[in-house]
């Protein structure tokens with residue numbers, strides 16, 4: 042390859058490292074927290090007024106989930122961590138130039154200064170570098186060095202935050218913003234002829250840290266789901282069995298996705314937000330020159346949604362939070 | 042954080058993307074190939090004189106394994122792919138400056154120009170950018186877009202190459218070379234007081250693409266093992282069951298590692314090289330500021346080697362290829 | 042308990058031990074056999090004219106499946122083995138008295154004299170005591186003493202025959218016949234108010250060796266499915282993945298049944314007969330005084346059919362073989 | 042087969058149905074109960090003076106485990122349920138004739154009159170027919186009809202009692218007693234030339250409800266282990282992971298047995314008694330004419346003990362309860 046061609050190759054941006062935490066809104070925070078702690082083995086690390094901070098036992102930072110009391114369910118915000126403080130500055134500059142930045146937040150619990158911004162659709166996000174790591178008392182530590190605390194004895198405990206999925210009135214616009222401003226790469230997408238219905242995007246080797254899916258009524262800024270990870274496909278059956286016996290609503294039972302190939306399942310927590318659980322994270326994208334995989338919408342049912350599983354119900358394509366008042370929240374807490 | 046502190050933070054090098062392929066040497070290539078094809082479901086894509094090129098069904102490139110006929114078992118070479126052609130140039134420059142480069146190879150099957158070099162211990166490596174992707178006839182394609190070919194019906198088929206583990210007379214020196222010249226990060230290590238016994242190093246979110254372990258007799262350039270990945274822990278029991286019934290030697294049965302947390306097992310292929318199989322890849326390192334985890338050697342048995350499993354046998358710490366003539370090759374092909 | 046009450050307790054009949062083999066009919070025997078051998082790892086032990094005898098690698102007897110060429114798919118016959126030769130005589134006597142016996146068959150391949158009979162709905166059955174055990178050449182034997190031959194390296198190999206499910210114009214009548222004449226116990230049943238829609242019946246600790254389900258159009262003597270067993274839930278995903286990639290029709294993906302609690306999935310073999318695969322056999326009935334569990338039909342979808350899984354499609358309740366000409370056989374062989 | 046030969050066939054005795062419950066002794070009952078409840082999800086149903094009654098969530102009867110406070114760990118007694126009240130009378134008669142009976146117990150919690158007896162080695166046993174079934178409040182019931190109560194949210198919950206393993210100064214004598222007096226069948230055995238080292242015996246389709254193993258020092262009446270069942274192999278890794286993080290002693294990590302083929306693991310509860318956990322129950326013996334499988338002791342390590350797993354440690358063959366004072370109890374409760 043000549044140096045001419047070499048110089049024409051656009052190098053990837055490696056400035057964003059991972060999803061750091063997610064804030065969800067719940068009209069029934071007590072029930073939502075019971076769901077995450079009793080069923081999914083998460084732990085409350087802090088409670089401040091209307092906000093509760095939770096972690097999974099292999100989350101590295103202090104917390105990965107914030108549950109905020111609000112009138113309606115939905116997305117609070119998503120936080121991204123950069124690969125370095127210099128990378129934070131570069132991304133902040135790009136965000137400022139995009140016009141979507143809203144300024145710095147300097148007094149957040151558990152992390153340093155975060156630059157806040159919104160997607161074109163209005164989803165709130167922030168980007169940061171400094172974080173506080175989780176550190177527990179000696180008797181809670183595991184001898185397994187990569188594990189931040191002992192495996193919990195309650196529920197079927199999730200190990201770490203995995204990704205987020207947002208609904209958008211214009212997935213192409215939101216995706217474009219993530220790609221251009223933050224360096225996300227579109228790993229898989231679903232299109233209806235040329236119209237972009239959904240994109241799965243990552244900055245890491247995961248198939249996605251963030252997916253964007255069409256909100257079919259054009260409502261903006263909705264949450265599709267937050268996903269936690271087990272690493273073991275069989276644990277999905279254990280979790281589903283527990284949730285079902287305790288009267289939580291399972292929207293889609295364990296199956297193997299086509300997109301991402303991950304073993305997954307979906308339930309609704311009592312506040313109404315959809316929760317996804319990953320058995321494994323699917324395949325990893327190690328190829329630095331990965332070309333986006335494109336599914337035609339008509340080929341998706343029974344292949345793209347679930348490669349091994351029944352085609353997903355309509356609710357998967359239509360339900361998000363906040364949900365219209367007419368749609369009853371289907372989860373009944375124990 | 043002041044810009045002074047910001048500028049002091051050393052940004053990671055993101056130039057190496059992944060392990061592209063591995064070449065192993067076998068005195069009994071026919072039996073070695075039978076092991077990989079009949080037991081592990083791999084496919085031969087090309088055979089040229091004394092070299093056979095094989096792939097797993099979710100390997101993206103033409104092949105991931107080369108089996109070369111030789112007098113003794115051991116490592117042929119390891120190939121790395123960079124994140125861009127510019128990154129290749131940067132790494133080649135660093136390698137040239139290190140004095141360990143040996144020049145370009147331009148006529149390799151399945152990839153473009155590769156710059157060749159050795160580790161301090163003498164292991165042969167190469168680094169490249171251009172690769173040929175696997176493309177199969179329509180009737181071999183899977184509807185699952187991320188899968189390069191249909192799941193094979195033979196053996197318990199592995200999905201992709203995962204990593205390599207080399208034995209070295211001086212793990213610290215080899216590790217240092219990988220870190221400084223290629224941008225590898227030491228994710229976990231085992232030390233005996235201060236002496237580095239083993240390192241697990243990656244450029245991706247995997248805990249390691251390459252491990253370096255002490256060769257206890259001081260012999261240089263040995264191979265510890267090559268690892269292929271299933272993604273599903275249970276498949277290790279299926280593979281072990283098949284291998285055992287077909288008289289292959291299982292050195293260490295399925296267990297969950299402490300280092301990496303991966304579900305794994307070890308067998309010897311008939312040529313004598315150790316083979317590792319991963320059920321899952323363990324935990325992923327998404328934290329951009331990951332601090333190396335350090336195990337003291339005395340704490341390792343029953344914790345670091347196997348978190349859930351018996352302490353590894355001595356052979357794990359002593360056997361590598363080429364093996365001394367006195368050590369009989371333990372695998373008997375069917 | 043007084044001896045009066047004791048004497049009133051009706052002791053179970055322990056005369057029938059197990060399902061010994063099943064004969065299915067196929068209009069495309071070559072494709073049917075390819076399905077069972079290449080995908081499910083079964084082995085052909087004998088081929089006589091239009092009949093092929095197959096076995097799974099942990100079947101104790103010579104074979105467990107006969108594939109007979111015929112114009113239409115469907116059930117050939119089911120064979121039961123008694124607990125002793127005396128038990129055979131007792132059951133033959135009961136069958137003769139029932140008027141459903143059709144006489145002895147003395148020259149069958151792989152077993153001794155079998156007394157033939159039909160269910161009220163016309164399904165052909167036979168009962169026997171003497172069988173020929175599978176015995177293989179030394180090099181095919183496994184060191185695992187309970188395993189009759191080495192684990193096959195082809196497909197995702199099933200381990201043994203598990204059960205049969207027949208469709209009937211009158212499930213209550215057929216069930217009654219099995220209970221009174223052969224000593225079957227009704228373990229679980231589905232009723233529509235009082236009308237018996239389906240029964241799951243066994244003579245062993247399994248929840249069922251034979252199920253009887255309502256044929257909704259009143260056609261007699263149909264086959265619903267034959268089931269083979271893996272023992273490991275995860276293997277269902279391996280089998281489904283393989284079948285899907287090789288273009289076989291998966292009617293119902295892996296799920297956990299409510300009835301029996303078994304992990305299961307359903308596919309159609311190319312001849313059109315439905316095939317069930319069990320990951321595990323569900324719970325075992327060790328209680329000697331087990332009371333039949335009764336599901337109301339309206340409670341079944343999403344609970345009885347699949348406890349963890351989507352409610353079964355209509356085809357599960359309507360499709361059986363032979364299928365009406367209007368219903369296309371959905372399996373396309375590779 | 043002539044009626045002469047028919048009459049010579051010895052018909053099996055079907056009088057004993059299952060293992061009903063086990064009583065173990067513990068010098069630290071509080072810690073023992075914490076182990077079973079917090080780690081293994083069992084529930085205390087009754088506490089009377091020094092006895093605590095526990096159940097697993099799919100045990101049909103009120104309880105399956107009694108923990109009795111005593112100076113030393115070990116076996117309290119084993120209880121068997123017959124297939125009918127008539128069967129109870131037949132077995133009591135046989136036990137009386139054997140001279141090993143010790144009389145009726147009429148006031149036991151949770152079951153009717155039980156006839157008590159001992160094995161030649163002195164292990165206490167009882168046999169009964171009438172039992173009290175578990176019945177819970179509506180809000181604890183599961184919609185899954187075969188499940189007696191909702192899946193617990195604590196620990197990695199076991200589903201039901203599976204079997205017991207006793208150490209004996211003379212395994213052949215104890216086995217013979219079980220066979221002749223109760224109708225047990227020897228399914229697998231380990232011999233040292235002709236000397237019987239261990240037997241695996243059942244009355245059901247399970248490979249064993251009771252195993253007898255040589256106590257190497259000749260001490261009588263010891264307990265080797267009590268086993269609970271999950272039904273899913275992967276759950277053993279979840280249980281082992283939890284136990285390890287909470288500092289319980291894991292004697293043998295998850296592996297697949299040769300004898301029985303069951304996925305299993307062994308730990309010590311804090312009182313010192315060995316606990317086995319079954320992932321699945323292995324293969325089932327449906328063949329009514331099953332011939333005992335015989336392993337030579339020298340072939341057992343790495344094949345009979347663990348088919349897929351490391352050869353068992355010496356402690357497996359030597360440790361039982363009560364343990365000699367010199368042997369420290371290895372479990373440290375959290």
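Residue numbers (the numbering used here), protein chains in the order written: chain A, 42 to 375; chain B, 42 to 375; chain C, 42 to 375; chain D, 42 to 375. Think of the CB as a built atom: it goes at the ideal place given N, C-alpha and C, for glycine as much as any other residue. For clarity, every value in this text was computed on a predicted model and none was experimentally measured.
Subject >> Continuous beta strand (DSSP E) stretch holding residue 198 (chain D): start and end >> reply: Counted from its first residue, the fourth chain places residue 198 (chain D) at position 157. Where residue 198 (chain D) is concerned, there is no enclosing beta strand (DSSP E), given that its DSSP letter is neither H nor E.
**OP:** Under 9 Å between beta-carbons, which chain A residues line up against residue 192 (chain B)? List them in chain order, please.
**Re:** Numbered from its first residue, the second chain carries residue 192 (chain B) at position 151. Near residue 192 (chain B) there are no residues of chain A at all, since even the closest Cβ is about 11 Å away, more than 9 Å.
Original post:
First and last residue of the beta strand (DSSP E) that includes residue 352 (chain D)?
Top reply: As a working mapping, residue 352 (chain D) is identified with position 311 in the fourth chain. Judged by DSSP secondary structure, residue 352 (chain D) falls outside any beta strand (DSSP E); it is assigned neither H nor E.
**OP:** Note down the Cα distance separating residue 165 (chain B) from residue 103 (chain C), rounded to an integer number of angstroms.
**Re:** Mapped onto the second chain, residue 165 (chain B) falls at position 124. Mapped onto the third chain, residue 103 (chain C) falls at position 62. Their Cα atoms are separated by approximately 54 Å.
**OP:** Classify residue 92 (chain D) as helix, strand or coil using the three-state DSSP reduction.
**Re:** Looking up residue 92 (chain D) in the fourth chain gives position 51. Residue state for residue 92 (chain D) is assigned as strand, using DSSP reduced to three classes.
Original post:
Closest Cβ-Cβ distance between residue 273 (chain A) and chain B: below 8 Å?
Top reply: Here the question's residue 273 (chain A) lines up with position 232 in the first chain. With 8 Å as the cut-off, residue 273 (chain A) counts as an interface residue toward chain B.
Original post:
So, using beta-carbon positions, are residue 312 (chain B) and residue 67 (chain B) closer together than 8 Å?
Top reply: Here the question's residue 312 (chain B) lines up with position 271 in the second chain. Here the question's residue 67 (chain B) lines up with position 26 in the second chain. Contact flag set, yes.
Original post:
So, does the CB of residue 142 (chain A) fall closer than 8 Å to a CB anywhere in chain B?
Top reply: The count along the first chain starts at 1 and reaches residue 142 (chain A) at position 101. Cβ-Cβ to chain B under 8 Å: no for residue 142 (chain A).
Original post:
With respect to the alpha helix (DSSP H) encompassing residue 255 (chain D), which residues constitute its N-terminal and C-terminal limits?
Top reply: In the fourth chain, counting from the first residue as 1, residue 255 (chain D) sits at position 214. Taken as a continuous stretch (DSSP letters only), residue 255 (chain D) belongs to no alpha helix (DSSP H), being part of the beta strand (DSSP E) at 251–255.
Original post:
Which value, in whole angstroms, describes the spacing of the CA atoms of residue 233 (chain D) and residue 241 (chain D)?
Top reply: Locating residue 233 (chain D) in the fourth chain gives position 192, where the first residue counts as 1. Locating residue 241 (chain D) in the fourth chain gives position 200, where the first residue counts as 1. If I take the Cα positions, the gap works out to 15 Å.
Subject >> Residues within the segment 289–306 of chain D neighbouring chain B, beta-carbon criterion of under 9 Å >> reply: Taking 9 Å as the cut-off between beta carbons, the residues of the segment 289–306 of chain D near chain B are 291, 293, 294, 295, 296, 297, 304 and 306, in sequence order.
Original post:
Counting pairs of Cβ atoms below 8 Å between the segment 151–167 of chain C and the segment 290–307 of chain D, do you hit three or more?
Top reply: no
Subject >> chain E within 8 Å of residue 283 (chain D), Cβ atoms only >> reply: Protein chains A, B, C and D are contained in the structure displayed, whereas chain E is not.
Subject >> DSSP beta-bridge partners of residue 263 (chain C) >> reply: Working through the third chain from its first residue, we reach residue 263 (chain C) at position 222. For residue 263 (chain C), which the question treats as bridged, DSSP gives the partners C:208.
**OP:** Run the CB neighbour count on residue 99 (chain B), radius 10 Å, all protein chains shown included, and call it buried at 16 or more, exposed below.
**Re:** Translated into positions along the second chain, residue 99 (chain B) becomes position 58. With 16 or more other Cβ atoms within 10 Å, it is buried.
Original post:
Alpha carbon to alpha carbon, how far is residue 196 (chain A) from residue 81 (chain A)?
Top reply: As a working mapping, residue 196 (chain A) is identified with position 155 in the first chain. As a working mapping, residue 81 (chain A) is identified with position 40 in the first chain. Straight-line Cα distance between these residues: approximately 5 Å.
**OP:** Give every residue of the same chain whose Cβ lies closer than 6 Å to the Cβ of residue 110 (chain C), excluding the five residues on either side of it in the sequence, and list them in chain order.
**Re:** As a working mapping, residue 110 (chain C) is identified with position 69 in the third chain. Taken in chain order, the residues that qualify are 70 and 91.
Subject >> The beta strand (DSSP E) enclosing residue 293 (chain C), as first and last residue numbers >> reply: If you number the third chain from 1, residue 293 (chain C) lands on position 252. Annotation: the continuous beta strand (DSSP E) that includes residue 293 (chain C) extends over 290–298.
Original post:
Roughly how many angstroms separate the alpha carbons of residue 396 (chain D) and residue 156 (chain D), rounded to a whole number?
Top reply: Outside the displayed range of chain D (42 to 375) lies residue 396 (chain D), so it cannot be described from this structure.
Subject >> 7 Å Cβ cut-off: residues of chain A touching residue 55 (chain B) >> reply: For the purposes of this step, residue 55 (chain B) is identified with residue 14 of the second chain, where counting begins at 1. Result: 55.
**OP:** Report the residue ranges of all alpha helix (DSSP H) runs contained in full by the segment 125–206 of chain B; include only those spanning at least 4 residues, in chain order.
**Re:** 126–139
**OP:** Let me know if residue 372 (chain D) comes out buried or exposed under the rule of 16 or more other beta-carbons within 10 Å of its beta-carbon.
**Re:** Within the fourth chain, the letter at position 331 stands for residue 372 (chain D). At residue 372 (chain D) the pLDDT is 44, less than 50, meaning the model places this residue with poor confidence; the figure from the coordinates comes in the next sentence. Residue 372 (chain D) is buried by the Cβ-count criterion.
Original post:
Where do the ends of the alpha helix (DSSP H) carrying residue 283 (chain D) lie?
Top reply: To locate residue 283 (chain D), count along the fourth chain from 1; it is residue 242. Counting along the chain, the alpha helix (DSSP H) containing residue 283 (chain D) begins and ends at 276–286.
**OP:** Under the assumption that residue 257 (chain D) contacts residue 237 (chain D) (Cβ atoms under 8 Å), give the Cβ distance between them as a whole number of angstroms.
**Re:** In the fourth chain, residue 257 (chain D) corresponds to position 216, counting from 1. In the fourth chain, residue 237 (chain D) corresponds to position 196, counting from 1. About 14 Å; that fails the 8 Å criterion.
**OP:** Check whether the Cβ of residue 52 (chain C) lies closer than 8 Å to any Cβ atom in chain D.
**Re:** The residue given as residue 52 (chain C) occupies position 11 in the third chain. Cβ-Cβ to chain D under 8 Å: yes for residue 52 (chain C).
Subject >> Short-range partners of chain C found in the segment 79–109 of chain B, where Cβ spacing is below 7 Å >> reply: 79 and 80
Subject >> Bounding residues of the beta strand (DSSP E) (the contiguous stretch that carries residue 64 (chain C)) >> reply: In the third chain, counting from the first residue as 1, residue 64 (chain C) sits at position 23. Note, residue 64 (chain C): beta strand (DSSP E), 57–67.
**OP:** Find the residues of chain D that neighbour residue 259 (chain A), judging by a C-beta separation of less than 9 Å, and give them in chain order.
**Re:** Against the first chain, residue 259 (chain A) aligns to sequence position 218. Correct list: empty, because the minimum Cβ distance to chain D is about 38 Å.
Subject >> is_contact[residue 350 (chain C), chain A] using C-beta, thresh 8 Å >> reply: For the purposes of this step, residue 350 (chain C) is identified with residue 309 of the third chain, where counting begins at 1. True, the Cβ-Cβ gap to chain A drops below 8 Å.
Subject >> Coarse secondary structure for residue 114 (chain B), derived from DSSP in three states >> reply: Working through the second chain from its first residue, we reach residue 114 (chain B) at position 73. Note: residue 114 (chain B) maps to coil in three-state DSSP.
Original post:
Residues in its own chain within less than 7 Å of residue 135 (chain D) by CB, not counting five upstream and five downstream?
Top reply: The sequence position of residue 135 (chain D) within the fourth chain is 94, counting from 1. Cβ within range, chain order: 222.
**OP:** Give a yes or no on whether the minimum CB-CB distance between residue 278 (chain A) and chain C is below 8 Å.
**Re:** Taking the first residue of the first chain as 1, we reach residue 278 (chain A) at position 237. At least one beta carbon of chain C lies nearer than 8 Å to the beta carbon of residue 278 (chain A).
Original post:
Is the segment 112–131 of chain B close to the segment 319–329 of chain B, with three or more CB pairs under 8 Å?
Top reply: With a cut-off of 8 Å, the segment 319–329 of chain B and the segment 112–131 of chain B do not count as touching, because too few Cβ pairs lie within range.
Original post:
For residue 184 (chain C), which residues in chain D fall below 7 Å Cβ to Cβ?
Top reply: Stepping through the third chain from its first residue, residue 184 (chain C) is reached at position 143. Neighbours of residue 184 (chain C) on chain D, chain order: 344.
Original post:
When you compare only the Cα positions, how much space is there between residue 360 (chain C) and residue 308 (chain C)?
Top reply: Within the third chain, numbered from 1, the residue matching residue 360 (chain C) stands at position 319. Within the third chain, numbered from 1, the residue matching residue 308 (chain C) stands at position 267. Linking residue 360 (chain C) to residue 308 (chain C) through their CA atoms gives a straight-line distance of about 12 Å.
**OP:** Hey, could you find the ends of the beta strand (DSSP E) residue 221 (chain D) is sitting in?
**Re:** As a position in the fourth chain, residue 221 (chain D) is number 180, starting the count at 1. From DSSP, residue 221 (chain D) is part of no beta strand (DSSP E); its letter is neither H nor E.
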